[in-house]
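Undergrad: Dropping the structure in here first, questions after.
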Amino acid sequence: MAIEETREETADPAEENGRIASFAAFFPFYLREHSEPTCRRLHYIGTGLTLIAYAAAVLVNPWWLLAAPLAGYGFAWFAHFKYERNKPATFKYPLWSLMSDYRMFFLWVTGKLEPYLDAAGVPADKR
Numbered sequence: 661m662a663i664e665e666t667r668e669e670t671a672d673p674a675e676e677n678g679r680i681a682s683f684a685a686f687f688p689f690y691l692r693e694h695s696e697p698t699c700r701r702l703h704y705i706g707t708g709l710t711l712i713a714y715a716a717a718v719l720v721n722p723w724w725l726l727a728a729p730l731a732g733y734g735f736a737w738f739a740h741f742k743y744e745r746n747k748p749a750t751f752k753y754p755l756w757s758l759m760s761d762y763r764m765f766f767l768w769v770t771g772k773l774e775p776y777l778d779a780a781g782v783p784a785d786k787r
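Just so it is clear: in the sequence shown, position 56 is 716 by the numbering used here, and no numbers are missing.
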C-alpha cells in the first residue's frame, strides 16, 4: 500500500478542516514527505548552500541573499518532482516547511535525525 493511500485511510487527529493544526503534528508529516534518501540529500545540499549564501551576503555582498531561495528551493523542488514524486509541502505550509527544512538539516548534521524518521514512520530501508 502506498504512503498516500495510508494517509487518506487514516484520520489524523492533528488535522482541522483538512489542514494540519500544529507544527508538532506537521514535522512528522514533513519527514514522511521526504522519505526518499535522495530527496533528503538534495535538500541537505540546497539548505547548506543557503547557509553559504547567507554568509556571503554578510561577508561579501548583500546580493548573495538572492541566491539563498534559488539554491534552497531549486534543489528541494527538483528532488520532490524527480525522486519523491510528490508536491512540496511548501505550497500549502510555507513557513512550517521552511522551519522543518532547517530542522531536518540540523538534526541530520548532528546525527539526531534517525529517531525522528522512525517516529514519523519512514521505513528503515529509506534511511
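A virtual CB, placed ideally from N, CA and C, is assigned to each residue, including glycine.
Predicted model only: the values in this text are computed from it and were never measured.
What does the alpha-carbon distance come out to for the pair Glu696 and His703?
TA: Glu696 and His703: Cα-Cα distance of roughly 11 Å.
Undergrad: Excluding the 5 residues flanking Arg692 on each side, which residues of the same chain have their C-beta closer than 7 Å to its C-beta?
TA: Ile663, Ala780, Gly781, Val782, listed in sequence order.
Undergrad: Mind checking who Arg700 pairs with in its DSSP beta bridge?
TA: None, per the DSSP bridge assignment.
Undergrad: When you compare only the Cα positions, how much space is there between Leu767 and Leu709?
TA: Going from the Cα of Leu767 to the Cα of Leu709 covers about 17 Å.
Undergrad: Roughly how many angstroms lie between the CA atoms of Tyr753 and Val720, to the nearest whole one?
TA: So the two alpha carbons sit approximately 32 Å from each other.
Undergrad: To the nearest angstrom, how far is the alpha carbon of Asp761 from that of Pro722?
TA: Going from the Cα of Asp761 to the Cα of Pro722 covers about 23 Å.
Undergrad: Report yes or no: is there a C-beta of chain B within less than 8 Å of the C-beta of Tyr714?
TA: Absent from the structure: chain B. Only one protein chain is present.
Undergrad: Inspect the CB distances between the stretch 740-758 and the stretch 680-694 and report whether three or more fall short of 8 Å.
TA: Output reads yes: the stretch 680-694 touches the stretch 740-758.
Undergrad: Starting from the Cα of Phe687, find the closest Cα among Arg787, Gly771, Leu755 and give me that residue.
TA: Of the candidates Arg787, Gly771, Leu755, the one whose C-alpha sits nearest the C-alpha of Phe687 is Leu755.
Undergrad: By DSSP's criteria, Ile680 is part of a beta bridge. Which residues make up the other side?
TA: Partner(s): Glu675.
Undergrad: Please go through the same chain and pick out, in chain order, the residues whose beta-carbon is closer than 8 Å to the beta-carbon of Asn677, but skip the five residues on each side of it.
TA: Nothing meets the Cβ criterion.
Undergrad: Please report the straight-line C-alpha distance between Leu726 and Ile712, rounded to a whole angstrom.
TA: Between Leu726 and Ile712, the C-alpha separation is close to 12 Å.
Undergrad: By Cβ distance, which residues of its chain are closer than 6 Å to Phe735, with the 5 residues on each side in sequence left out?
TA: Closer than 6 Å at Cβ, skipping near neighbours: Leu702, Ile705, Gly706.
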